[in-house]
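Visitor: In UniProt numbering, the protein residues as written are 1 to 586. We put the CB at the ideal spot given by N, CA and C, even for glycine. Computed from a predicted structure; not experimentally measured. Supplied in structure tokens, the structure appears directly below.
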Amino acid sequence: MKLNKSPFVSLRTKFLILFCLMITLPFLFSGYLTYQKYSANVERDAKAYSDQIAEQLSINLERYVKEVERITIAMYYDPNLLQILDKHKVANEAGSYKGIEEQSKMNQLISSIIIDRTELEGVFIFGLDGTLFSNLTETIRSNWDSSTSGWMEQVKQKDGGLVILPPVEWNYYLEKPKEAFSFARLIKNPLTNRELGYVKVDLTSKGFEKILSSVKVSKNSKLYVFNENLQPIYPFTDEANIPSYDDIVGTSSSDTLTSLRTTAYGGLRIVGTIPKGDLLTDARKLTSFTLWISAASLIFAFIAALFTSNRLVKPILHLQRKMRRVQSGDFQERALVHSNDEIGLLTEGFNSMVSRLDIMIKEMYELRLREKDSELNALQSQINPHFLYNTLESINMVAVKERNNELSQVITSLGKLLRYTVDKQERFVYLKDELAFVQNYLNIQSFRLEDQLSAEILVDFSHEYAMVPKLILQPLVENAIEHGLGKEPITIQITSKAEGQDLYVYVTDNGKGINPERRKLVEQRLIEPERQQSGLLSDKKSKGFALRNIHQRLVILYGESYGLSIAHTGPEGTSFCIRIPFQWEE
């Protein structure tokens, strides 16, 4: 089943994307959180500040209302004013004319009360008969018109309480109607509680502006004052342009912050509004600054990512190129280690793997060549073993008939030798069988060499049933005869010993020995690959490779710690040692 592969994306691209995301996302996330937190804090602080201002304004307005109220209360305690108003208490009475003396007393009274109060437009006392007294004797009318004095009904309902009237244009001014808001109160006789008239104080915007106009939380923040009837008192503008109390209070809280306060005295309602957009101006600046920082950091991250990715990816690309060369069959390639990190360890592992792979391939190639040679040798010597056995048996019968016992013994030994070597069914044999094969070989060599060769097999009886590889002793005996025999007779001795879990078998001769230079070459030949041994020794190939083949077989079967070695050599002879582990037939 073939899986659908995702599109190829290079490591460099992945590093760039990863680094950019690692820088950008935290900045954006922190910027968003900072904006939200900062906005919430600004909104909370602005709300608290607005509430504090509204609270302070309510206190100041309450104090101001009380100060103005004293002017109206003072009318109750002046007997001349009460006496004059008592004369004008009947509406439309014929004596509604006000005398000079009355006007003078009223003027003095009012002037003494409002001295240094520049924010007052004027103080007016309304008699019930339509008479109008004021400190502004030359700029106001002498009488008032009941048709334009609807406010009196509102004041009358208060029954002597203070009423704050919204700014309107009053028509009792001679020049032109003036817009002013007013404080009004019904004047009653303290003894009889009978109504005597009305006192009304018109105020300019100066008083309120001293208290309110300088208060501004933000650029577009606004402040409104309503009386207890929710009529607008401040600011002094056209009433049509001032939103109603319900409209202001009902403004969506998501757009505007609203602060509400009501004075305990006078019932004035203070409403402050702050657009949230004004509050978030600094937050937007902070966000913009964060975005610029993020952009600069992103550019820096991109440059750092390019530099870092090059350093990280370059060794990987180098390793990739080497892998492709190895994949194409060049096992001599090795990658350079550029860094001491995981990539460096990976490169070292690659080099080690390729080296081992090269060795394994060469060994397999060498093994294949040997197999080919073995097959060729087998084809060349493909003679029916039974034909050989029958032929040898016939020769043996002739030798017995001629009573040549020595020849018969040699022929018998040769037959046993052939039977042992031709049998390919077994790879491992008992040590005693291997020794018997060597004894048959020695019998044949003794017949050929006569007194020049003698042999001793001194193997411990307890070692004879140890399992050993087949045909490992005969090449050593043949080597001893071939290279150790000189003018003097030679004696070959085979011994064994056990150490721990290992078995040692020694093949020793007292022949010519091996000089140091030749020993070095022999030992080198045991461990070097076959292709490197051309010209080391002058022996024929069939004999020259016998010792190495024994050693290599033992190494392959048991490991590097086992094999064939030269125990000692010198003028007195040579000793070869075979080291194998103890193994018993299961």
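Can you tell me where the alpha helix (DSSP H) with His483 in it begins and where it stops?
Guide: Here residue 483 is taken as the residue at index 483 of the sequence shown, counted from 1. Gln474 to Gly484 is the span of the alpha helix (DSSP H), which, as asked, contains His483.
Visitor: Under 8 Å: do the stretch 183-199 and the stretch 220-228 share three or more Cβ pairs, one atom per stretch?
Guide: Under the three-pair Cβ rule at 8 Å, the stretch 183-199 does not count as touching the stretch 220-228.
Visitor: Measure how close the beta-carbons of Ala480 and Ile494 come, nearest whole angstrom, since I'm counting them as under 8 Å.
Guide: What you label residue 480 is simply residue 480 of the sequence shown in a count that begins at 1. What you label residue 494 is simply residue 494 of the sequence shown in a count that begins at 1. That pair is no contact at about 10 Å.
Visitor: Cβ atoms of Trp144 and Leu165: under 7 Å apart, would you say?
Guide: Start at 1 with the first residue of the sequence shown, and residue 165 comes out as number 165. Start at 1 with the first residue of the sequence shown, and residue 144 comes out as number 144. Not a contact, by the Cβ cut-off of 7 Å.
Visitor: Tell me the rounded alpha-carbon separation between Lys285 and Ile343.
Guide: Mapped onto the sequence shown, residue 285 falls at position 285. Mapped onto the sequence shown, residue 343 falls at position 343. One C-alpha to the other measures close to 46 Å.
Visitor: Does the Cβ-Cβ distance between Ile274 and Ala54 come in under 7 Å?
Guide: The residue labelled residue 274 in the question sits at position 274 within the sequence shown. The residue labelled residue 54 in the question sits at position 54 within the sequence shown. No, the pair does not count as a contact, with Cβ atoms beyond the cut-off.
Visitor: Between which residues of its own chain and Leu268 is the CB-CB distance below 8 Å, once the five residues before and five after are set aside?
Guide: Here residue 268 is taken as the residue at index 268 of the sequence shown, counted from 1. Contacts found: Ser58, Leu61, Glu62, Val65, Ile164, Val225, Phe226, Asn227, Glu228, Ile233 and Thr262.
Visitor: Do the CB positions of Ala74 and Ile115 come within less than 7 Å of each other?
Guide: Position 74 of the sequence shown, counted from the start, is the residue given in the question as residue 74. Position 115 of the sequence shown, counted from the start, is the residue given in the question as residue 115. No.
Visitor: Just mark Trp584 as buried or exposed, buried being the case when its beta carbon has 16 or more other beta carbons within 10 Å.
Guide: Here the question's residue 584 lines up with position 584 in the sequence shown. Answer is exposed; the Cβ neighbour count stays below 16.
Visitor: Is Lys200 buried or exposed, if buried means 16 or more other CB atoms sit within 10 Å of its CB?
Guide: On the sequence shown, residue 200 is found 200 positions in, with the first residue counted as 1. When all chains shown are included, Lys200 counts as buried.
Visitor: Taking 8 Å as the cut-off, does the stretch 449-465 touch the stretch 565-578 (at least 3 CB pairs, one atom from each stretch)?
Guide: With contact defined as three or more Cβ pairs closer than 8 Å, the stretch 565-578 and the stretch 449-465 are not in contact.
Visitor: Taking only runs that begin and end inside the stretch 406-475, name each unbroken alpha helix (DSSP H) of 4 or more residues, in chain order.
Guide: 431-449
Visitor: Residue range of the beta strand (DSSP E) that Glu499 falls in?
Guide: For the purposes of this step, residue 499 is taken as the residue at position 499 of the sequence shown. Where Glu499 is concerned, the enclosing beta strand (DSSP E) stretches over Ile490 to Glu499.
Visitor: May I have a chain-ordered list of the beta strand (DSSP E) segments no shorter than 3 residues that lie completely inside the stretch 173-202?
Guide: 178-188
Visitor: Rounded to the nearest angstrom, what separates Ser328 and Gly559 at their Cα positions?
Guide: Stepping through the sequence shown from its first residue, residue 328 is reached at position 328. Stepping through the sequence shown from its first residue, residue 559 is reached at position 559. Their Cα atoms are separated by approximately 32 Å.
Visitor: What does a CB cutoff of less than 6 Å around Gln532 pick up in its chain, not counting 5 residues either side in sequence?
Guide: Taking the first residue of the sequence shown as 1, we reach residue 532 at position 532. Residue placement at Gln532 cannot be trusted, given a pLDDT of 47 that sits under 50; what the coordinates show is reported in the next sentence. Closer than 6 Å at the Cβ level, and outside the excluded window around Gln532, lies no residue.
Visitor: With DSSP as the reference, label Arg548 as helix, strand or coil.
Guide: Start at 1 with the first residue of the sequence shown, and residue 548 comes out as number 548. If DSSP states are grouped into helix, strand and coil, Arg548 belongs with the helices.
Visitor: Along the beta strand (DSSP E) that carries residue 588, what are the first and last residues, could you check?
Guide: Nothing can be reported for residue 588: it is not among the residues displayed for the chain, which extend from 1 to 586.
Visitor: On the CB-based measure, 16 or more other CB atoms within 10 Å of its CB, does Gly277 come out buried or exposed?
Guide: Working through the sequence shown from its first residue, we reach residue 277 at position 277. Counting Cβ neighbours within 10 Å, Gly277 comes out exposed, since fewer than 16 surround it.
Visitor: Nearest-angstrom Cα distance between Glu572 and Met353?
Guide: As a first step, residue 572 is located in the sequence shown; it is residue number 572 there, counting from the start. As a first step, residue 353 is located in the sequence shown; it is residue number 353 there, counting from the start. Looking at the two C-alpha atoms, the distance is approximately 47 Å.
Visitor: Just verifying my parser: in three-state terms, what is the DSSP assignment at Ile316?
Guide: What you label residue 316 is simply residue 316 of the sequence shown in a count that begins at 1. Of the three classes helix, strand and coil, the one that applies to Ile316 here is helix, per DSSP.
Visitor: Which residues does DSSP list as the beta-bridge partners of Arg579?
Guide: As a working note, residue 579 is residue 579 in the sequence shown. Partner(s): Tyr504 and Gly563.
Visitor: Could you check the C-alpha separation between Ile84 and Leu120 for me, to the nearest Å?
Guide: Counted from its first residue, the sequence shown places residue 84 at position 84. Counted from its first residue, the sequence shown places residue 120 at position 120. For Ile84 and Leu120, the distance between alpha carbons rounds to 24 Å.
Visitor: State the beta-bridge partners of Tyr234 as determined by DSSP.
Guide: The residue given as residue 234 occupies position 234 in the sequence shown. DSSP lists Val225 as partners of Tyr234.
Visitor: What span of residues does the beta strand (DSSP E) with Arg269 cover, start to end?
Guide: If you number the sequence shown from 1, residue 269 lands on position 269. Residues Arg269 to Pro275.
Visitor: For Leu28, I'd like the list of residues in its chain whose CB is within less than 7 Å of its CB, leaving aside the five on either flank, ordered along the chain.
Guide: Walking along the sequence shown from the start, residue 28 turns up at place 28. Excluding residues within five positions, the ones whose Cβ falls inside 7 Å are Ser294.
Visitor: Within 10 angstroms of the Cβ of Met22, are there 16 or more other Cβ atoms? Answer buried if so, exposed if not.
Guide: The residue labelled residue 22 in the question sits at position 22 within the sequence shown. Looking at its Cβ environment, which holds fewer than 16 other Cβ atoms inside 10 Å, Met22 is exposed.
Visitor: Within 10 angstroms of the Cβ of Trp170, are there 16 or more other Cβ atoms? Answer buried if so, exposed if not.
Guide: Mapped onto the sequence shown, residue 170 falls at position 170. Per the 10 Å Cβ criterion, buried.
Visitor: Mind checking which residues open and close the beta strand (DSSP E) that includes Leu257?
Guide: Your numbering for residue 257 matches position 257 in the sequence shown. Residues Thr256 to Thr262.
Visitor: Which residue comes first and which comes last in the beta strand (DSSP E) that contains Val123?
Guide: One-based indexing of the sequence shown puts residue 123 at position 123. Val123 -> beta strand (DSSP E) spans Leu120 to Gly127.
Visitor: From the DSSP secondary-structure annotation, give me the bridge partner or partners of Asp78.
Guide: Here residue 78 refers to the residue found at position 78 when the sequence shown is read from its first residue. According to DSSP, which records beta bridges pairwise, Asp78 is partnered with nothing at all.
Visitor: In three-state DSSP terms, what is Gly570?
Guide: Indexing the sequence shown from 1 puts residue 570 at position 570. Strand at Gly570.
Visitor: Return yes when the Cβ of Ile490 is within less than 7 Å of the Cβ of Leu453, no when it is not.
Guide: Counted from its first residue, the sequence shown places residue 453 at position 453. Counted from its first residue, the sequence shown places residue 490 at position 490. Yes, the Cβ-Cβ distance between Leu453 and Ile490 is below 7 Å.
Visitor: Near Tyr562, what residues of its chain come up, given a Cβ to Cβ distance below 6 Å and the 5 sequence neighbours on each side ignored?
Guide: For the purposes of this step, residue 562 is taken as the residue at position 562 of the sequence shown. Hits under 6 Å: Leu554, Arg579 and Ile580.
Visitor: In terms of residue numbering, what span does the beta strand (DSSP E) encompassing Ser134 cover?
Guide: Indexing the sequence shown from 1 puts residue 134 at position 134. Residues Leu132 to Ser134.
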